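One structure is given here, and the rest of the page talks about it.
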Amino acid sequence: MTSELIHLKHGELEASLCPSLGGALAGFSCAGTALLRPWNGEATVRKMASYPLVPYSNRIADGRFGHAGRDVALRRNFGDHPHPLHGLGWQRAWTVADHSAHEATLLLQHRVDDAAAAADWPWAFDARQHFALEAEGLTVTLSYHNLSDESVPVGLGWHPYFPRHEDAELSFSAAEVWLMDERALPSERVEVPAAWDYRAARPVGAPGLDNCFARWQREARIAWPGKGLAVRLQASPALEHLVVFTPQDADFIAVEPVSHANNAINMQAPGAHGIKHVAPGASYEVLMHLSIERITR
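Everything in the sequence shown is counted per the numbering used here, starting at 12 for the first residue and increasing by one.
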């Protein structure tokens, strides 16, 4: 597998893509300052700046769920972790449909002609990512086109990693959050406690989060006052949830706009928790926009 990059540039903004490693973003910067954690060159998508989540986000408990009266079983895709994670798009090579100085389109085809592919996801689909670098930021769209002959439960999103630099601050508004059990699965949805309230910008540190927030306002802001820069993440309405991962000893934070709650496909009413049922031949699309702000010191 090669790891050739596609480079986009618009004024002081630069973005690089790695189609062969999960169709991922390898970097996004402004005048040389990293706005997403830059890829370190390791041949693993989890070291990238951001990657797509398709056809589901986060974990599916033990890789099993019911659909249309039958039991669906997915194989593990993350070592010995018992729950399949983040779909399959991040583990596949994408192809380049077109690109220019400012834009690029990547495609992924998933077919179920063999048992291994069907064990990753039993329904055929095409996925498409479009990247557009503009003067004020980066817009990314992700779509799922259902090629099967039945309605399919689908989730979409992204997993961007933001550098902490020396003084990262995070802000977003959400009304509820899912608590996690000992198996890293959601156990209860509660009002956001004061310790996890990021409506006002605050430094990223304790407590370390790995939780899915609900009823958020589709906007988050990551600021680095010492760099004089901030990124405002805006999400399309279908991205109803925000996963926030802030490991205390890491040099990054992950702020992930996603359509559904973790393991929503196994909840009593999956559609009420963000799962989208896509009809045969239909498509489902979401959007993320990362805009740049200058901070006046």
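For glycine and all other residues, C-beta sits at the position ideal for the given N, C-alpha and C. Since the model is a prediction, treat every value here as computed from it, not as a measurement.
* What number of angstroms, rounded off, separates the C-alpha of residue 115 from the C-alpha of residue 76? -> The sequence position of residue 115 within the sequence shown is 104, counting from 1. The sequence position of residue 76 within the sequence shown is 65, counting from 1. Whole-angstrom Cα-Cα distance: 35 angstroms.
* Secondary structure at residue 101, three-state DSSP: helix, strand or coil? -> In the sequence shown, the residue the question calls residue 101 occupies position 90. Residue 101 falls in the helix class under three-state DSSP.
* Asked: By DSSP, does residue 203 sit in helix, in strand, or in coil?
  -> Residue 203 sits at position 192 when you count from the first residue of the sequence shown. If DSSP states are grouped into helix, strand and coil, residue 203 belongs with coil.
* Asked: Does the pairing of the region 76 to 87 with the region 176 to 188 give three or more beta-carbon distances under 8 angstroms?
  -> With fewer than three CB-CB distances shorter than 8 angstroms, the region 76 to 87 does not count as touching the region 176 to 188.
* **Secondary structure of residue 282, DSSP reduced to three states** => Taking the first residue of the sequence shown as position 1, residue 282 is located at position 271. Of the three classes helix, strand and coil, the one that applies to residue 282 here is helix, per DSSP.
* Which residues in the same chain have their Cβ closer than 6 angstroms to the Cβ of residue 89, if we skip the five residues on either side of it in sequence? -> Residue numbering aside, residue 89 sits at position 78 when the sequence shown is read from its first letter. The residues 96, in chain order, have a CB closer than 6 angstroms to that of residue 89 in the same chain once the five nearest residues on each side in sequence are set aside.
* Asked: Taking one C-beta from the region 225 to 236 and one from the region 144 to 161 each time, how about it: are there three or more such pairs within less than 8 angstroms?
  -> The region 225 to 236 is not in contact with the region 144 to 161.
* Asked: Would you call the region 37 to 55 and the region 105 to 122 touching, i.e. three or more CB-CB distances under 8 angstroms?
  -> Verdict: no, contact absent.
* Asked: Helix, strand or coil: how does DSSP classify residue 74 here?
  -> Indexing the sequence shown from 1 puts residue 74 at position 63. Three-state DSSP puts residue 74 in a helix.
* Taking the Cβ atom as the reference point for each residue, do residue 190 and residue 201 lie within a distance shorter than 8 angstroms? -> Along the sequence shown, one-based indexing puts residue 190 at 179. Along the sequence shown, one-based indexing puts residue 201 at 190. Result yes, Cβ atoms of residue 190 and residue 201 sit closer than 8 angstroms.
* Just checking, does the region 236 to 243 make contact with the region 123 to 142 on the three C-beta pairs under 8 angstroms criterion? -> Touching, no.
* Excluding the 5 residues preceding and the 5 following residue 268 in the sequence, name in chain order all residues of the same chain whose CB lies nearer than 7 angstroms to its CB. => Mapped onto the sequence shown, residue 268 falls at position 257. Cβ within range, chain order: 168, 169, 244, 246, 250, 253, 299.
* To do: Ignore the nearest five residues each way along the sequence and tell me which others in residue 18's own chain have a CB closer than 6 angstroms to its CB.
  => Sequence index remark: in the sequence shown, residue 18 carries index 7 (1-based). Around residue 18: 27.
* Asked: If you draw a straight line from the alpha carbon of residue 105 to that of residue 59, how long is it in whole angstroms?
  -> Position 94 of the sequence shown, counting from 1, holds the residue named residue 105. Position 48 of the sequence shown, counting from 1, holds the residue named residue 59. So the two alpha carbons sit approximately 15 angstroms from each other.
* To do: Could you check what DSSP says for residue 277 in three-state terms: helix, strand or coil?
  => Counted from its first residue, the sequence shown places residue 277 at position 266. Note: residue 277 maps to helix in three-state DSSP.
* Under the three-state reduction of DSSP, which class applies to residue 56: helix, strand or coil? -> Numbered from its first residue, the sequence shown carries residue 56 at position 45. Helix at residue 56.
* Per-residue DSSP class, three states only, for residue 211 -> The sequence position of residue 211 within the sequence shown is 200, counting from 1. Residue state, collapsed to three classes: coil.
* Asked: When the Cα atoms are used, what is the spatial distance from residue 213 to residue 174?
  -> As a working mapping, residue 213 is identified with position 202 in the sequence shown. As a working mapping, residue 174 is identified with position 163 in the sequence shown. Computed Cα separation, rounded: 15 angstroms.
* Run the CB neighbour count on residue 287, radius 10 Å, all protein chains shown included, and call it buried at 16 or more, exposed below. => Sequence index remark: in the sequence shown, residue 287 carries index 276 (1-based). Per the 10 Å Cβ criterion, buried.
* Nearest to residue 156 (by Cα), restricted to the options 196, 140, 274 -> Numbered from 1 along the sequence shown, position 145 holds the residue referred to as residue 156. Residue 140 holds the alpha-carbon nearest to the alpha-carbon of residue 156 among 196, 140, 274.
* Exposure label - residue 98; buried when at least 16 CB within 10 Å -> Numbered from its first residue, the sequence shown carries residue 98 at position 87. Under the 10 Å beta carbon count, residue 98 is surrounded by 16 or more other beta carbons and is classified as buried.
* Asked: So, helix, strand or coil for residue 192, using DSSP?
  -> Taking the sequence shown and counting its residues from 1, the one referred to as residue 192 is at position 181. The three-state secondary structure of residue 192, taken from DSSP, is coil.
* Asked: Since residue 221 is in the beta strand (DSSP E), which residue starts that stretch and which ends it?
  -> Mapped onto the sequence shown, residue 221 falls at position 210. Note, residue 221: beta strand (DSSP E), 221 to 235.
* To do: Alpha carbon to alpha carbon, how far is residue 207 from residue 83? Give it in angstroms, no decimals.
  => Sequence index remark: in the sequence shown, residue 83 carries index 72 (1-based). Sequence index remark: in the sequence shown, residue 207 carries index 196 (1-based). Using only the alpha carbons, I get a separation of about 35 angstroms.
* Asked: Excluding five sequence neighbours on each side, which residues of the same chain lie with their C-beta closer than 6 angstroms to the C-beta of residue 30?
  -> Taking the sequence shown and counting its residues from 1, the one referred to as residue 30 is at position 19. The beta carbon of residue 30 lies closer than 6 angstroms to those of 105, 107, 117 in the same chain, with the five residues before and after it left out.
* Asked: Quick one: Cα of residue 158 to Cα of residue 85, how far?
  -> Position 147 of the sequence shown holds residue 158. Position 74 of the sequence shown holds residue 85. Straight-line measurement puts the Cα of residue 85 at about 19 angstroms from the Cα of residue 158.
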